[in-house]
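Undergrad: Below you will find the structure I want to go over with you.
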Amino acid sequence: MYAAIPLALITIVSFTNPDFSLTGKTVWAFVTYMAFGTIYSISNIPYGSMVPAMTKDPVERAELASFRQAGSNLGLLITTVGFMPIVLLFNSASTGYIVAVSVFAFLGVLLQIYAYVHVKERYVYEKPKETKVKLIDSYKGLLKNTPLLVLCLVNLFTFSAFNVKLAVQVYFCQYVLKNVSIVPYMGFFSIGCVFIGVALVPFMVKKVGKKFTYILGCGIWAVGDISAYIFADDAVIFIILACFAFFGSSFVNSLNWALVSDAVEYGEWKTGNRTEGVVYSFFTFCRKLSQAIAGFVPGLVLGLVGYVPNAVQSPDVQQSIRGLMFIYPSTLALATIIVIAFFYKLSDDKYTRIIKELSDRKGDVSV
């Protein structure tokens, strides 16, 4: 709750365009963007940490994770559609951007306050006053949390793959398909498929469990991208196969938040200390790291193969763009399947046993 207003203010500030020199503007951009990232993390980590305090039921956690992913994509869709029309209402672009971002920031604060008022943390355990856990011990406990470490590793794969796809898709449409006008349509239909996938996740978890649903999502994702690498030579086929891949990725992106909630209880069972904040901050850090990698990879590859902006690209450059768009993410999706299948040992049955044992330890006394 306390982070809501600072987050809104730094969001607005990051859209301002001060009358500085080029160097001054560059410094301003770096500082405001870094401040935004910091305050966003302060807001986002406890937001995610509430899930294990709200429910212990694995299906309900999958539902919460699905709603989170659906809300994220709905927010993306609303801002994508609604932002620029507000900007274009004003003669000055700078004024339009400030007004538009202020509208969305204000609505964001209202929604965060609404969530704060209506979310109930049902499983918050009071620790004895004499019990004090050092922060360094909480971080040491992360090394014993094998499911969390596996989840962080596969998120380095999947989040990097997902962000590279988003970064490269404009290049693919412009220089390979030579039809950049299809980007909005691809975004619209792919987000629609994500909503379908998100809606199916709780049903799939109930039928086959979280681990198999996660693997299935990666498999669909990989098949979609490999097929697109081979067959996507026109806009229609590209959109169809891209939607298929995004449908699979929605399973993965939704279940990440349910699985990390399970890792909180595993860590408590393993070490005796319950550290939601540390677990979620470490998981978020790994996702930010993968996002940084995703921002670095396309520029490095395109630079090495001789990419020239706004020019006809050579066959080698076009092939590299195609590889970044499809082979890079599909390879990482397949790597994720291998890691989850062989190294993620926290099954739904084991999780149920852990919850029972934790309840027995505490006498099931919660506040």
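Per the numbering used here, residue -2 is the first one in the sequence shown, and the count goes up by one each step. Idealized CB from N, CA, C, for every residue including glycine.
Rank N307, V276, T281 by C-alpha distance to the C-alpha of L140 and give the top, closest one.
TA: If you number the sequence shown from 1, residue 140 lands on position 143. Nearest option by C-alpha distance: V276.
Undergrad: Please return the same chain residues whose Cβ sits closer than 8 Å to the Cβ of Y154, not counting the five positions on each side in sequence.
TA: Here residue 154 refers to the residue found at position 157 of the sequence shown. Going by the sequence as given, residue 154 is Phe instead of Tyr. S287, L329, A330, A332, T333, V336.
Undergrad: Count the other CB atoms within 10 Å of the CB of F300; is the residue buried (16 or more) or exposed (fewer)?
TA: Residue mapping note: residue 300 aligns to position 303 of the sequence shown, counting from 1. The amino acid at residue 300 is misidentified as Phe; the sequence shows Gly. The residue in question, G300, is exposed, as its Cβ has fewer than 16 Cβ neighbours within 10 Å.
Undergrad: Shortest alpha-carbon distance to V302 belongs to which of G34, Q315, V84?
TA: Here residue 302 refers to the residue found at position 305 when the sequence shown is read from its first residue. Selected option, being the one with the closest Cα: Q315.
Undergrad: According to the neighbour-count rule (16 or more other Cβ atoms, all chains shown, within 10 Å of its Cβ), is R358 buried or exposed?
TA: The count along the sequence shown starts at 1 and reaches residue 358 at position 361. Counting Cβ neighbours within 10 Å, R358 comes out exposed, since fewer than 16 surround it.
Undergrad: Leaving out five residues before and five after P125 in sequence, what residues of the same chain have Cβ atoms less than 7 Å from its Cβ?
TA: Numbered from 1 along the sequence shown, position 128 holds the residue referred to as residue 125. Only weak support exists for where P125 lies, its pLDDT of 47 falling under 50; the value from the coordinates is given anyway. Excluding sequence neighbours, P125 sits near nothing in its chain.
Undergrad: If you count every other CB in all the chains shown that lies within 10 Å of the CB of R271, and 16 or more means buried, which is it?
TA: On the sequence shown, position 274 is the one that residue 271 refers to. That one is buried.
Undergrad: Select from I234, G320, D230, I352 the residue whose C-alpha is nearest the C-alpha of A158.
TA: On the sequence shown, residue 158 is found 161 positions in, with the first residue counted as 1. Minimum Cα distance to A158 is reached at G320.
Undergrad: What does the alpha-carbon distance come out to for the pair E262 and I352?
TA: Start at 1 with the first residue of the sequence shown, and residue 262 comes out as number 265. Start at 1 with the first residue of the sequence shown, and residue 352 comes out as number 355. So the alpha carbons of these two residues sit roughly 7 Å apart.
Undergrad: By the three-class DSSP mapping on this structure, what secondary structure does P306 have?
TA: The residue you call residue 306 lines up with position 309 of the sequence shown. Note: P306 maps to coil in three-state DSSP.
Undergrad: Quick check on the DSSP output: the alpha helix (DSSP H) that includes N250 runs from which residue to which?
TA: Your numbering for residue 250 matches position 253 in the sequence shown. Counting along the chain, the alpha helix (DSSP H) containing N250 begins and ends at 232 to 268.
Undergrad: With distance defined between alpha-carbon atoms, name the residue in K137, N152, L6 nearest to L252.
TA: The residue labelled residue 252 in the question sits at position 255 within the sequence shown. Of the candidates K137, N152, L6, the one whose C-alpha sits nearest the C-alpha of L252 is N152.
Undergrad: Where do the ends of the alpha helix (DSSP H) carrying T76 lie?
TA: Within the sequence shown, residue 76 is the residue found at index 79, counting from 1. T76 -> alpha helix (DSSP H) spans 55 to 84.
Undergrad: Could you give the DSSP three-state label for A196: helix, strand or coil?
TA: Within the sequence shown, the letter at position 199 stands for residue 196. The answer is helix: DSSP assigns A196 an H, G or I state.
Undergrad: Relative to the C-alpha of V294, which candidate in K22, V165, T76 has its C-alpha closest?
TA: Residue mapping note: residue 294 aligns to position 297 of the sequence shown, counting from 1. Among K22, V165, T76, the Cα nearest to that of V294 belongs to V165.
Undergrad: Which term fits I133, buried or exposed, when burial requires 16 or more other beta carbons within 10 angstroms of its beta carbon?
TA: Residue numbering aside, residue 133 sits at position 136 when the sequence shown is read from its first letter. I133 is exposed by the Cβ-count criterion.
Undergrad: Touch check for the segment 14 to 27 and the segment 102 to 120: three-plus C-beta pairs under 8 Å?
TA: No, they do not touch.
Undergrad: Would DSSP call T272 helix, strand or coil?
TA: For the purposes of this step, residue 272 is taken as residue 275 along the sequence shown, with counting starting at 1. T272: coil per DSSP, three-state reduction.
Undergrad: When we look at the beta-carbon of S278 and count the other beta-carbons within 10 Å, is it buried (16 or more) or exposed?
TA: For this step, residue 278 is matched to residue 281 along the sequence shown. When all chains shown are included, S278 counts as buried.
Undergrad: So, with DSSP's three-state summary, where would you put A338?
TA: If you number the sequence shown from 1, residue 338 lands on position 341. Reduced to three states, the DSSP call for A338 is helix.
Undergrad: According to DSSP, simplified to helix, strand and coil, what is G216?
TA: Mapped onto the sequence shown, residue 216 falls at position 219. If DSSP states are grouped into helix, strand and coil, G216 belongs with the helices.
Undergrad: CA-CA distance, T8 and D346?
TA: Taking the first residue of the sequence shown as position 1, residue 8 is located at position 11. Taking the first residue of the sequence shown as position 1, residue 346 is located at position 349. Their Cα atoms are separated by approximately 43 Å.
Undergrad: Just mark I45 as buried or exposed, buried being the case when its beta carbon has 16 or more other beta carbons within 10 Å.
TA: Sequence index remark: in the sequence shown, residue 45 carries index 48 (1-based). Looking at the sequence shown, residue 45 is not Ile but Gly. With 16 or more other Cβ atoms within 10 Å, it is buried.
Undergrad: Using only alpha-carbon positions, find the residue among L145, K131, V28, A232 that is nearest to K175.
TA: Residue 175 sits at position 178 when you count from the first residue of the sequence shown. That would be A232, whose Cα lies nearest to the Cα of K175.
Undergrad: For V116, does the three-state DSSP call read helix, strand or coil?
TA: To locate residue 116, count along the sequence shown from 1; it is residue 119. Of the three classes helix, strand and coil, the one that applies to V116 here is coil, per DSSP.
Undergrad: Is any beta-carbon of chain D found at less than 7 Å from that of Q166?
TA: Here there is only one protein chain, and chain D is not present.
Undergrad: Take the Cβ of D230 as the centre, count every other Cβ of all protein chains shown within 10 Å, and call the residue buried at 16 or more, exposed below.
TA: Stepping through the sequence shown from its first residue, residue 230 is reached at position 233. Label assigned to D230: exposed.
Undergrad: For E354, name the three-state secondary structure that DSSP assigns.
TA: Within the sequence shown, residue 354 is the residue found at index 357, counting from 1. Correct three-state label for E354: helix.
Undergrad: Helix, strand or coil: how does DSSP classify P15 here?
TA: Start at 1 with the first residue of the sequence shown, and residue 15 comes out as number 18. Three-state DSSP puts P15 in coil, outside helix and strand.
Undergrad: First and last residue of the alpha helix (DSSP H) that includes G178?
TA: The residue you call residue 178 lines up with position 181 of the sequence shown. Per the sequence shown, residue 178 should be read as Ser rather than Gly. Segment: none, S178 is in no alpha helix (DSSP H) and carries neither H nor E.
Undergrad: Quick check: what's the CA-CA separation for C149 versus F280?
TA: For the purposes of this step, residue 149 is taken as the residue at position 152 of the sequence shown. For the purposes of this step, residue 280 is taken as the residue at position 283 of the sequence shown. Rounded to the nearest angstrom, the two C-alpha atoms are 6 Å apart.
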